[in-house]
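There are 2 protein chains.
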Amino acid sequence: MTKYVYDFAEGNKDMKDLLGGKGANLAEMTNMGLAVPPGFTITTEACLRYLKENRFPDGLEEEIERHLRGLEQAMGKRLGDADDPLLVSVRSGAKFSMPGMMDTVLNLGLNEDSLQGLAKQSDGDWRFAYDAYRRFIQMFGKIVMGVPGDAFEEALDRAKERKGPDAKDTDLDAEDLRALIGEFLSIYQEHTGQDFPAEPREQLRLAIEAVFKSWNGKRARDYRRQNKISDDLGTAVNVVAMVFGNRGMDSGTGVAFTRDPATGEKVPYGDYLPNAQGEDVVAGIRNTLHLSELKNLDPTSYEQLLQTMDTLERHYRDMCDVEVTIEKGRLWILQTRVGKRTAFAEWVMAYHMLEEGLIDADTALLRVDANRLEELFKRVVSSSVEAEPIARGLNASPGAATGKVVFSADEAQEWAGRGERVILVRRETTPDDYHGMVASQGILTSAGGTNSHAAVVARGEGIPAVCGADQIKIDLSARAFSANGITVREGEVVTIDGFTGNVFVGELPLEESVLERARSGDPAAREEKIWRAFQRLMAHADERRRLRVRANADTPEQSRNARARGAEGIGLCRTEHMFLGPERVAAVQQMIFAETADEEREALDALLPLQRNDFVQIFQAMDGLPVTVRLLDPPLHEFLPDLTSLSVEVAVAEARGESGPELEEKKRTLRKVRELHEANPMLGLRGVRLGIVKPGLYAMQVRAIVEAACEVKKSGGDPKVEIMIPLVATRAELEQMRQELEPVARDVLERERVELGHLEWGTMIEVPRAAVTAGEIAEVADFFSFGTNDLTQMGFGFSRDDIGKFVGMYEERKLVPANPFVTIDRAGVGRLMRIGCEEGRAANPNLHIGICGEHGGDPASVAFCHEIGLDYVSCSPFRVETARLAAGQAAVGTAESSTK
Amino acid sequence: MTKYVYDFAEGNKDMKDLLGGKGANLAEMTNMGLAVPPGFTITTEACLRYLKENRFPDGLEEEIERHLRGLEQAMGKRLGDADDPLLVSVRSGAKFSMPGMMDTVLNLGLNEDSLQGLAKQSDGDWRFAYDAYRRFIQMFGKIVMGVPGDAFEEALDRAKERKGPDAKDTDLDAEDLRALIGEFLSIYQEHTGQDFPAEPREQLRLAIEAVFKSWNGKRARDYRRQNKISDDLGTAVNVVAMVFGNRGMDSGTGVAFTRDPATGEKVPYGDYLPNAQGEDVVAGIRNTLHLSELKNLDPTSYEQLLQTMDTLERHYRDMCDVEVTIEKGRLWILQTRVGKRTAFAEWVMAYHMLEEGLIDADTALLRVDANRLEELFKRVVSSSVEAEPIARGLNASPGAATGKVVFSADEAQEWAGRGERVILVRRETTPDDYHGMVASQGILTSAGGTNSHAAVVARGEGIPAVCGADQIKIDLSARAFSANGITVREGEVVTIDGFTGNVFVGELPLEESVLERARSGDPAAREEKIWRAFQRLMAHADERRRLRVRANADTPEQSRNARARGAEGIGLCRTEHMFLGPERVAAVQQMIFAETADEEREALDALLPLQRNDFVQIFQAMDGLPVTVRLLDPPLHEFLPDLTSLSVEVAVAEARGESGPELEEKKRTLRKVRELHEANPMLGLRGVRLGIVKPGLYAMQVRAIVEAACEVKKSGGDPKVEIMIPLVATRAELEQMRQELEPVARDVLERERVELGHLEWGTMIEVPRAAVTAGEIAEVADFFSFGTNDLTQMGFGFSRDDIGKFVGMYEERKLVPANPFVTIDRAGVGRLMRIGCEEGRAANPNLHIGICGEHGGDPASVAFCHEIGLDYVSCSPFRVETARLAAGQAAVGTAESSTK
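Just so you know, the protein sequences line up as chains A and B, in that order.
The first sequence begins at 2 in my numbering and counts up by one.
The second sequence begins at 2 in my numbering and counts up by one.
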């Protein structure tokens, strides 16, 4: 027979799955001998059975009754007793703390009879007893039965109005409350169609059912989705003997942290409210006191609290928060848990606790969240500033930014090109805006959520963003937006705060983060604890990790930046960026339009020195470290004008009767664009297919790469070159490409009389077929690099550019495990990787394998890469530290951040 | 030590890998005691070593020498001997007969010395000896050394001219030939820069090397690619003692078949040429005699030949062809092999041999080529017609067709819509022409090869086509084409013959094939042997096959057609076709444009009865058999106008200053089209994603399907309904869709008070992720159907619409194993299928699994489906018999057609 109910004394803190977080910790504290009111926990298993069968599972009712009797005996009181009634609170408690669940019903057990007993036991304090009763009716009605909270609040307001202007709750006397109870019971009856349940056991049953059901409430489900918590956990229910913080000035309630959750410093921190129940703190009816003031109000309890907190922290070896109630000078601990903290504080705390010897270095490493590391490097709005935001949106991508407002991606790119700092303001962004987004300091949208295109790209690129600021109305024709009566025109300066979602007019002073300053060498910043914590824990991560970390860098500047952040090479140097820029695009178009081999060669010859120069600088920046250069990948038409726009242009010119050589030239271009146009360019003529159709292209790139390497080598450098062929689907593609390109490299080396110590040839594994035939391909490859962006696109059949129309719905309805473009889809894409990795290695034991999709900087994905045994991950330069940290955590064990 | 040379007595017919087809059969016949001239075979292994190392492998030279000496001893003659010289022929012989390889060098061993001996041995017939020598120089020069053949031919022509007008080869006397030899030797010297090799062993070495090298000649490689023969086989070389068919009128040469290769009848069939060497037959210098005339010329040899052929056929249990030479009344067999035959003859022969008891039914089944079955059903140009073609192209898709010429797909569709029979004439076709292609009787293109878009689609759809008829010049502005001086205008009738590639002006009488007539019930046709053969072997295939065969049919007519061909259900009923047609497109657009739920419902309500009526007729046509209906799959924008065209239209109208409600309407449409436009529609909002985004759509379809099934059931039918959700990538998609749609079906059934015996819910497996997570998906599916078109697109990252630009090069360079859209790519896409199948079944033992991609009608793919244990294949109606046959063959064993 399944056991569904546990007395606090029967559980412990490791039973969170069954007892929920709250129940497990109450049990733990009970067994530690701390002052926890007696009670019991109904398990998550009971909840799940209830939700499945839509009724209490067999035996549950009897078990509850048995534990209730035990509680009555322990307290020497009886539920509903007219002399000395037991009152209980009923509180939900899932494995993870979760807003949106039914929270707490206090004072359960009251009815007209037990009300008498409560008054008697509180020395005839009828005001207290009535107040407890009206609170109970209110909470039960609202939380358990779904009566609109406003109905009770309005009745309460009317009662206060009757008392006089500015009357407070506390001004209501026993008589007033007695009358209010009558009103509350009518409200209850009116909204539920039933009388308020007088029977305490009936009250309890209804409350427990309400907690069970709240697991599937919309807000709870939304929260779980947002926080990637499984729907299959269920919630536990805690039934606890009531203690009262509202029994006078020698009573009170508070929340305390064992360390400061904002700074991480080891100082007691918290709030206290005398003569109040917990809900009053939450409701913010009166201003709370700083915890330290309790020392004056009740030094004994204060001392006892500090001691309890110390005990808890030693026991949990982590910062805890506790909910306390003092009833007539007696301290009760109602709840504890490992406390939430800021990204900043988690580093400082982990470092301190390590220094204090409370935890070891591995534990300290697991205490910090790799997902939040990036935030610590972002600029913030200077704390000295007091400015009023003109609008507020979602904090979609962390960091503060200031710049001139522009309304289109093209303008953003153009303005930025001439050195302006710009904020791109759009209703929403689309993939067509990408070039403007990455040219901007920050992005502000008036529509779209935290998973909108703008938000996803901004986070991916590390650009601050505020999204869905819906007070902002954009008027494109006027080149202005307005918000709350203020109009901001193109070119005017705004500041956005991606930490808070605030939007300000004008340039607010921004501060570099301490870590960024310290990294740049600022000695003062290097004295700060956060930097010491960062240094210490990153060193441990580096010591522990088995994965190497490279960066995706296309320019010398990015390469230097990446190296400064600890990159151990470049895992992806995209060459398509080298084909952009006015002088290059002309040559690229010439190559595409070439009708003879000579024309094509001429165009390629023009590109060669430009490419070579780029490579020289990159090899220099990465001297001694491997640089993986990917040969040209995107469809050629990406270097050409858009088909529709050009068609319209030509048709309109013709309709207007224009003519002349310029139009003829445009028509020629249009013909070519039409010829190259593809229905699905992602699955068309790109990658190695380009290399096969235009063999001169890859040969030119290889020549440029190897010539650059020779130049660097001759000037004393140590270039390590890895040449990567993209989009390979068959072994023959790679084999034939190598047969064509290796002689090109050899020719250069012979001509230059240089020997390179490290010159390897490999391929992306980014087409599903390549993954499942990796064994064949590995026979002709020195290395693999998983291109998880494309592998995800083709694995799911999701075009990244197009899924905007449904991906929101997909995440909301959990049709995908998580956004597969952010975190590797283990079951599908991950399975393909695993096959590719295992079979590639089996066929070629010398094969080295990495990943260069954007997943390389996502901590959960890094953990997966560690698990399947990759040699390295490669990610954006600004994610290098995140990846190093995540790799260290993966090596140490399951990161806490992923134990949800 | 590897053995590289085998005497004929050392081999047998099963050693084709090592000895090549010719060598193995020569060995077999030698051991059967047939009159084969002595000789030996150099193995394919020697060839491969030679090609790899670019020299004779160690020991080969010595082995050849040893076998040569053996041959000399056996013949009692010596190579190069001035008294009684041994002459040999050197012939290539790969495992598969292969044009483009170096063929034969006769009379090897001749030089000025042995010439004397040859003359002596031929009783002083100097004319014979000189003729043998000049032939040898000519063949050796041309074939071994690459001297242009014309050079010799011209010298020969000059010699004949000198003899007088109309002089023939035979008019040249010994003296003329002696002089010609001098000329030939000079030609040889001039072109090769060397003297003609006098040393017979040197001649032999060069000839052997030439055979080896010819394996990698361009024509040989092209042939192998075309016929899917591996490049890794190599060729053997046969060295055989010469016998002479040109020793007078008691000598001769011929080719004989044991049965008629065109009709399959058991009659001796072949050609004979008295006083000639084999090459003369090939060169067509004189007209050959029908084999039966040999009976009069040389009854003994004739009788002996008939006996030999009988022996061979009994031995090989198959039709053989033999190459024979009669030297002075003595019959020699120079070669035999299983003979090629027409698609028609292979059925008749297999049937006869089965009836004769020569082979069993399984063997008979394997004797016919499923790939060619379709041809037998095609119409042909009536054999009574003698017409002159105006052009000739490639026979790209079998069958003859006649109709009016149109030059665009839209016209083809429009003309066909009003009942005209049309031939679509284009330079080349593109995917945009599809609708016009399938509306046409036949397709004629002036460019493009047998793998061009037109050819592939035509074969896929069973439409006759002639492609690459490059004499045809199309003048679109004049709406006409011309060929060889004849102009054909739009609307004029032409006839194309997809069997021969011929194009005729005017309507030629066409004949239905015997099989088609027989199937339609024509009693005369049902008496013909081919029909009896077809009936007998198909019955055996049906008895043997384990795979069931369904059809892909979208209309009642296709369903009836499919059932007549033996389809056991519908594996894919696409519903998108039901959304076309003027009345429907309007409702579909209304649904797409709907801005409120009401508007959307209204549009869907309009579509419902139309859909239902379609389904009623399909269920009736397939009464008692399962019908798998796929819910809407393609991107919505496929039902809308093209973005670029509409943009141009609107922009031009605006540039012209037009205005009015019509333009406004267009602009409204354009906005929506732009909004729905996708960068990669193949990976965008389609399939189940549509069902999720527009839930009313699938619900409407399910209602229509189930209502139709109820109607059919009520009128006494037995509809078996399988509802298929396309493009599923995750288990949750299918699960949630079922949760939404099953209640819709239940509601209809309850309302109609009908119970359906068979109502299943399943999914396409067409996204790679679905294949690798099939275990999860199978838990919520009743069936899987592999959508191998999409699985191939996404597995390779090949968009079918776009690969035209490189797929030709890919096939040519063997970058893909075969066209993966025609034959399942076993290693990649096949692997995904295997995983999907195994893991799906493991998770759900009741799961039934089929395939509905176009591969379902490709025999090699059917064999693969059998191998991995699918339950059924589903293919185009006109491929049903092909699939049944292939399934039977797969069950029996490896089909001969796939043993290449």
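Glycine is no exception: its CB is placed at the ideal position from the N, C-alpha and C atoms.
Exercise for the section: Using DSSP bridges, identify the partner residues of tryptophan 333 (chain A). Expected result: Here residue 333 (chain A) corresponds to residue number 332 of the first sequence, with the count starting at 1. Paired residues: A:Thr326.
Exercise for the section: Please name the residue, chosen from A:His638, A:Met592, A:Pro720, that lies closest to alanine 680 (chain B) on a Cα-to-Cα basis. Expected result: For the purposes of this step, residue 680 (chain B) is taken as residue 679 along the second sequence, with counting starting at 1. When only C-alpha atoms are compared, the closest one is A:His638.
Handout entry: Straight-line gap, tyrosine 352 (chain A) to asparagine 372 (chain A) (C-alpha atoms, nearest Å)
Key = To locate residue 352 (chain A), count along the first sequence from 1; it is residue 351. To locate residue 372 (chain A), count along the first sequence from 1; it is residue 371. Whole-angstrom Cα-Cα distance: 18 angstroms.
Problem - Pick from B:Ala705, B:Val649, B:Leu641 that is closest to glutamate 676 (chain B), judged by C-alpha positions - result: For this step, residue 676 (chain B) is matched to residue 675 along the second sequence. Of the listed residues, the one whose Cα sits closest to glutamate 676 (chain B) is B:Leu641.
Practice task
Can you check the segment 272-322 of chain B for any beta strand (DSSP E) of at least 3 residues that lies completely inside it and give the ranges in chain order?
Solution key: Within the segment 272-322 of chain B, no beta strand (DSSP E) run of at least 3 residues lies entirely inside it.
Practice task
Within the segment 496-558 of chain A, note down every full alpha helix (DSSP H) run reaching 4 residues or more, in order along the chain.
Solution key: Qualifying alpha helix (DSSP H) stretches, in chain order: 515-520, 524-528, 530-545.
Problem - Minimum Cβ-Cβ distance from valine 423 (chain A) to chain B less than 8 angstroms - result: Position 422 of the first sequence, counted from the first residue, corresponds to residue 423 (chain A). False, the Cβ-Cβ gap to chain B never drops below 8 angstroms.
Handout entry: Close-in-space but distant-in-sequence residues of the same chain around valine 823 (chain A) (CB under 7 angstroms, 5 per side omitted)
Key = By one-based count along the first sequence, residue 823 (chain A) stands at place 822. These residues qualify, in order along the chain: Asp859.
Exercise for the section: Return the residue from the list A:Glu493, A:Val212, A:Ala730, A:Arg575 that minimises the CA-CA distance to leucine 633 (chain A). Expected result: What you label residue 633 (chain A) is simply residue 632 of the first sequence in a count that begins at 1. Looking from the CA of leucine 633 (chain A), the closest CA among A:Glu493, A:Val212, A:Ala730, A:Arg575 belongs to A:Arg575.
Exercise for the section: Please compile the residues from chain A whose C-beta is within a distance smaller than 8 angstroms of the C-beta of glutamate 777 (chain B). Expected result: Working through the second sequence from its first residue, we reach residue 777 (chain B) at position 776. Near glutamate 777 (chain B) (Cβ distances below 8 angstroms), the residues of chain A are Ala828.
Handout entry: Residue ranges of each alpha helix (DSSP H) within the segment 324-412 of chain B, 4 or longer
Key = 344-357, 362-367
Problem - alanine 896 (chain A) at chain B interface by Cβ criterion, 8 angstroms - result: Position 895 of the first sequence, counting from 1, holds the residue named residue 896 (chain A). Because alanine 896 (chain A) carries a pLDDT of 42, less than 50, the predicted location of this residue cannot be relied on, and the following value inherits that uncertainty. No - not a single Cβ of chain B is within 8 angstroms of the one on alanine 896 (chain A).
Exercise for the section: Give a single yes or no on whether methionine 140 (chain A) has its beta carbon closer than 7 angstroms to a heavy atom of the ligand MG. Expected result: This structure does not include the ligand MG; it has no bound ligands of any sort.
Exercise for the section: Please state whether DSSP places asparagine 239 (chain A) in a helix, a strand or coil. Expected result: The sequence position of residue 239 (chain A) within the first sequence is 238, counting from 1. Strand, per DSSP.
Problem - Contacts of alanine 730 (chain B) in chain A (Cβ-Cβ under 7 angstroms) - result: In the second sequence, the residue the question calls residue 730 (chain B) occupies position 729. Ordered by position in chain A, the residues that pass the 7 angstroms Cβ test against alanine 730 (chain B) are Phe797, Gly798.
Exercise for the section: Compare the beta carbon distance of isoleucine 571 (chain B) and alanine 587 (chain B) with 8 angstroms and say whether it is the shorter of the two. Expected result: As a first step, residue 571 (chain B) is located in the second sequence; it is residue number 570 there, counting from the start. As a first step, residue 587 (chain B) is located in the second sequence; it is residue number 586 there, counting from the start. No; because the gap between Cβ atoms is not below 8 angstroms, this pair is not in contact.
Exercise for the section: Helix, strand or coil for lysine 714 (chain A), going by three-state DSSP, please let me know. Expected result: Within the first sequence, the letter at position 713 stands for residue 714 (chain A). Three-state DSSP puts lysine 714 (chain A) in a helix.
Handout entry: Contacts that isoleucine 693 (chain B) makes with chain A (C-beta to C-beta distance below 9 angstroms)
Key = The residue you call residue 693 (chain B) lines up with position 692 of the second sequence. Ordered by position in chain A, the residues that pass the 9 angstroms Cβ test against isoleucine 693 (chain B) are Phe807, Met810, Tyr811, Arg814, Leu816.
Problem - Three-state secondary structure assigned by DSSP to tyrosine 1 (chain A) - result: Residue 1 (chain A) is absent from the structure shown; chain A starts at 2 and stops at 901.
Exercise for the section: Check whether the Cβ atoms of glycine 831 (chain B) and phenylalanine 865 (chain B) lie closer than 8 angstroms to each other. Expected result: Taking the second sequence and counting its residues from 1, one reaches residue 831 (chain B) at position 830. Taking the second sequence and counting its residues from 1, one reaches residue 865 (chain B) at position 864. When the beta-carbon positions are compared, glycine 831 (chain B) and phenylalanine 865 (chain B) come within less than 8 angstroms of each other.
Exercise for the section: Starting from the C-beta of lysine 121 (chain B), find all residues in its chain whose C-beta is less than 8 angstroms away, skip the five residues before and the five after it, and write them out in chain order. Expected result: Position 120 of the second sequence holds residue 121 (chain B). Shown here for lysine 121 (chain B): same chain residues with a beta carbon closer than 8 angstroms to its own, the five before and five after excluded, namely Asp84, Asp85 in chain order.
Problem - Own chain, CB closer than 8 angstroms to isoleucine 188 (chain A), minus 5 neighbours either side, in chain order - result: For the purposes of this step, residue 188 (chain A) is taken as the residue at position 187 of the first sequence. Correct list, in chain order: Gly142, Val148, Ala152, Phe153, Ala156.
Exercise for the section: Establish whether the CB of methionine 683 (chain A) and some CB of chain B are separated by less than 8 angstroms. Expected result: Start at 1 with the first residue of the first sequence, and residue 683 (chain A) comes out as number 682. Chain B contact via Cβ: present.
Problem - CB contact flag (glycine 889 (chain A), leucine 366 (chain A), <8 angstroms) - result: Counted from its first residue, the first sequence places residue 889 (chain A) at position 888. Counted from its first residue, the first sequence places residue 366 (chain A) at position 365. Yes. Within cutoff.
Exercise for the section: Kindly list, in the order they appear in chain A, the residues whose Cβ is closer than 8 angstroms to that of leucine 52 (chain B). Expected result: Residue 52 (chain B) sits at position 51 when you count from the first residue of the second sequence. What leucine 52 (chain B) touches in chain A: nothing, since even the nearest Cβ is about 16 angstroms away.
Handout entry: Coarse secondary structure for valine 830 (chain A), derived from DSSP in three states
Key = Counting from 1 along the first sequence, the entry for residue 830 (chain A) is found at position 829. In the structure shown, valine 830 (chain A) sits in a helix (DSSP, three-state: H, G or I).
Exercise for the section: Give the single residue among A:Lys530, A:Lys219, A:Ala257 whose Cα lies nearest to the Cα of methionine 350 (chain A). Expected result: Here residue 350 (chain A) refers to the residue found at position 349 when the first sequence is read from its first residue. Per the Cα distances, A:Lys530.
Exercise for the section: Would you mind working out which of B:Thr236, B:Ser293, B:Lys329 sits nearest glutamine 278 (chain B), comparing C-alpha positions? Expected result: Locating residue 278 (chain B) in the second sequence gives position 277, counting from the first residue. Taking only the C-alpha atoms, the option nearest glutamine 278 (chain B) is B:Lys329.
Exercise for the section: Would you kindly check if the distance between the Cβ of tryptophan 532 (chain A) and the Cβ of alanine 542 (chain A) is under 8 angstroms? Expected result: Mapped onto the first sequence, residue 542 (chain A) falls at position 541. Mapped onto the first sequence, residue 532 (chain A) falls at position 531. Not a contact, by the Cβ cut-off of 8 angstroms.
Handout entry: Anticipated Cβ contact below 8 angstroms, glutamate 234 (chain B) with lysine 96 (chain B), distance rounded
Key = Translated into the one-based positions of the second sequence, residue 234 (chain B) becomes position 233. Translated into the one-based positions of the second sequence, residue 96 (chain B) becomes position 95. A quick correction: the sequence has leucine, not glutamate, at residue 234 (chain B). That pair is a contact at about 5 angstroms.
Problem - Where serine 385 (chain B) falls, given that 16 or more other Cβ within 10 Å makes a residue buried - result: To locate residue 385 (chain B), count along the second sequence from 1; it is residue 384. Exposed, because fewer than 16 other Cβ atoms sit within 10 Å of the Cβ of serine 385 (chain B).
Exercise for the section: Quick one: measure Cβ to Cβ for aspartate 363 (chain B) and valine 893 (chain B), integer angstroms, because I've assumed they're closer than 8 angstroms. Expected result: The residue given as residue 363 (chain B) occupies position 362 in the second sequence. The residue given as residue 893 (chain B) occupies position 892 in the second sequence. Contact holds; Cβ gap of about 5 angstroms.
Practice task
Examine chain B for any beta-carbon lying closer than 8 angstroms to the beta-carbon of threonine 774 (chain A), and answer yes or no.
Solution key: Within the first sequence, the letter at position 773 stands for residue 774 (chain A). At least one chain B Cβ lies under 8 angstroms of threonine 774 (chain A).
Handout entry: Same chain, Cβ closer than 6 angstroms to methionine 16 (chain B), five either side skipped, listed in chain order
Key = Locating residue 16 (chain B) in the second sequence gives position 15, where the first residue counts as 1. Excluding sequence neighbours, methionine 16 (chain B) sits near Ala25.
Problem - Chain-ordered neighbours of leucine 686 (chain B) on chain A, where CB pairs are closer than 9 angstroms - result: Translated into the one-based positions of the second sequence, residue 686 (chain B) becomes position 685. Those within 9 angstroms of leucine 686 (chain B) in chain A are Asp803, Ile804, Lys806, Phe807.
Problem - Buried or exposed (CB count within 10 angstroms, at least 16 for buried), isoleucine 138 (chain A) - result: Numbered from 1 along the first sequence, position 137 holds the residue referred to as residue 138 (chain A). Isoleucine 138 (chain A) is buried by the Cβ-count criterion.
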